[in-house]
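Numbering (the numbering used here), first residue to last: 6 to 244.
Report on the structure given below.
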Amino acid sequence: SVPTHRVLTGEEEAMQMAPILALEDQVTSDALAQQILGPSMGGLPTTLKLFKKIAGYARFIISELRAGRRLTNQVAMMGVDEIDPHPTQVYTKPIQVLVNELDFSSADFFPAILQDNGRAQIFGTRTSGAGGAVRQMQFPNQFGIAMISYTWSIAMRMIGQVIENLGIKPDKPYALTPNDLRNNFEDYKKAQNKEMNKLLEGVGARAVEDSILAEPEEESPTPADGDDGPPQSGPADPE
């Protein structure tokens with residue numbers, strides 16, 4: 006499952022959605038859906054199933070406008086309420102996602118989806134919290150502003166919490182230390198690998214004892230040339 010949205014909408018959106026509904030009964034195959042929407046939408050391959058989801062979203066937007074709601078009730082963006090797994094390639098091993106306060110927008114949604122579905126451990130600091138769909142617009146001005154971007158939806162996580170301004174709280178919090186900044190993130194890497202090793206316990210060859218954090222075995226000193234090594238203990242010579 007993925008976050009839902011409360012969408013800021015109006016007549017412009019209704020005009021965009023109406024043609025989809027008008028063609029809904031005529032689209033009966035993946036090929037026909039691709040003729041209308043193109044080969045893909047937002048990284049998703051266009052299929053008849055996707056077209057039906059978008060048609061349902063279009064119907065919802067128009068019904069919300071008729072009800073007088075410019076800020077809609079919660080809905081899956083463009084009707085996409087789940088992400089289908091790849092038909093043949095499936096990754097089943099543990100996942101750790103590293104986050105910090107500079108992660109925003111899609112970098113808010115990515116850890117949110119994995120965390121809400123119990124699929125990954127989130128490590129680091131809380132993300133920025135710029136959670137919502139984004140639009141761009143231009144307007145006449147004398148200040149050299151070519152374009153502005155703004156959020157036009159409020160995203161709601163599966164746990165009932167908005168992403169906007171709150172961000173994603175990591176499962177394993179870690180804040181950078183002065184030593185990290187001075188020594189190539191030494192403490193960060195140790196803490197991150199420690200948590201990753203816990204995830205990997207018993208998974209393949211990368212169990213804790215085989216990890217990069219395992220204490221190296223001490224090697225016995227090699228005698229130098231001509232050196233027979235330390236004297237061997239034995240019975241004392243008779244006097």
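The beta carbon of each residue, even a glycine, is placed where N, CA and C say it ideally should be.
All values derive from a computational prediction rather than experimental measurement.
Outcome for residue i when other beta-carbon atoms lying within 10 angstroms are tallied against a minimum of 16
i	result
Val12	buried
Arg124	exposed
Gly88	For the record, residue 88 in the displayed sequence is Ile; it is not Gly. Exposed is the call here.
Ala219	With a pLDDT of 48 at Ala219, under the threshold of 50, the modelled position of this residue cannot be trusted; read the value that follows with caution. Label assigned to Ala219: exposed.
Ser158	buried
Met152	exposed
Asn30	Checking the sequence, you will find Asp at residue 30 rather than Asn. The residue in question, Asp30, is exposed, as its Cβ has fewer than 16 Cβ neighbours within 10 Å.
His193	In the sequence on display, residue 193 carries Tyr and not His. Burial call: buried.
Ser133	buried
Met22	buried
Phe128	buried
Asn142	Sequence inspection shows Met at residue 142; the Asn mentioned does not correspond to that position. Per the 10 Å Cβ criterion, exposed.
Ala210	In this prediction, Ala210 scores a pLDDT of 46, lower than 50, which makes its location untrustworthy; the coordinate-derived value is nonetheless stated afterwards. Per the 10 Å Cβ criterion, exposed.
Ile164	exposed
Residues bridged to residue i (per DSSP)
i	result
Thr156	Val139
Phe128	Leu103 and Lys177
Thr93	Answer by DSSP bridge pairing: none, since Thr93 is not bridged.
Thr9	Met161
Val167	Met161
Beta-carbon spacing of residue i, residue j below 8 angstroms
i	j	result
Glu106	Thr130	yes
Glu169	Ala180	no
Ser45	Asn122	no
Lys58	Val85	yes
Ala117	Pro24	no
Lys177	Gln120	no
Leu103	Gln197	yes
Val32	Leu55	no
Ala27	Ile67	no
Residue i Cβ short of 7 angstroms to the ligand HEM heavy atom set
i	result
Asp108	With respect to small molecules bound, the structure shown includes none, and the ligand HEM cannot be examined in it.
For the region 178 to 190 against the region 136 to 156, are there 3 or more C-beta pairs whose distance is under 8 angstroms?
Segments in contact, no.
Tell me whether the region 111 to 129 and the region 158 to 176 touch, counting them as touching only if at least three CB pairs, one residue from each stretch, are closer than 8 angstroms.
Taking 8 angstroms as the limit for Cβ pairs, the verdict is that the region 158 to 176 does touch the region 111 to 129.
Check whether the region 88 to 99 and the region 70 to 77 are in contact - that is, three or more C-beta pairs closer than 8 angstroms.
Contact between the region 88 to 99 and the region 70 to 77 is absent, because fewer than three Cβ pairs lie under 8 angstroms.
Counting pairs of Cβ atoms below 8 angstroms between the region 93 to 107 and the region 56 to 65, do you hit three or more?
Verdict: no, contact absent.
I want to know whether the region 27 to 40 touches the region 78 to 89 - three or more CB-CB distances under 8 angstroms.
The region 27 to 40, when compared against the region 78 to 89, does not touch it at the 8 angstroms Cβ threshold.
Continuous alpha helix (DSSP H) assignments of at least 4 residues falling wholly in the region 45 to 95
Listed in chain order, the complete alpha helix (DSSP H) runs (minimum 4 residues) inside the region 45 to 95 are 53 to 71.
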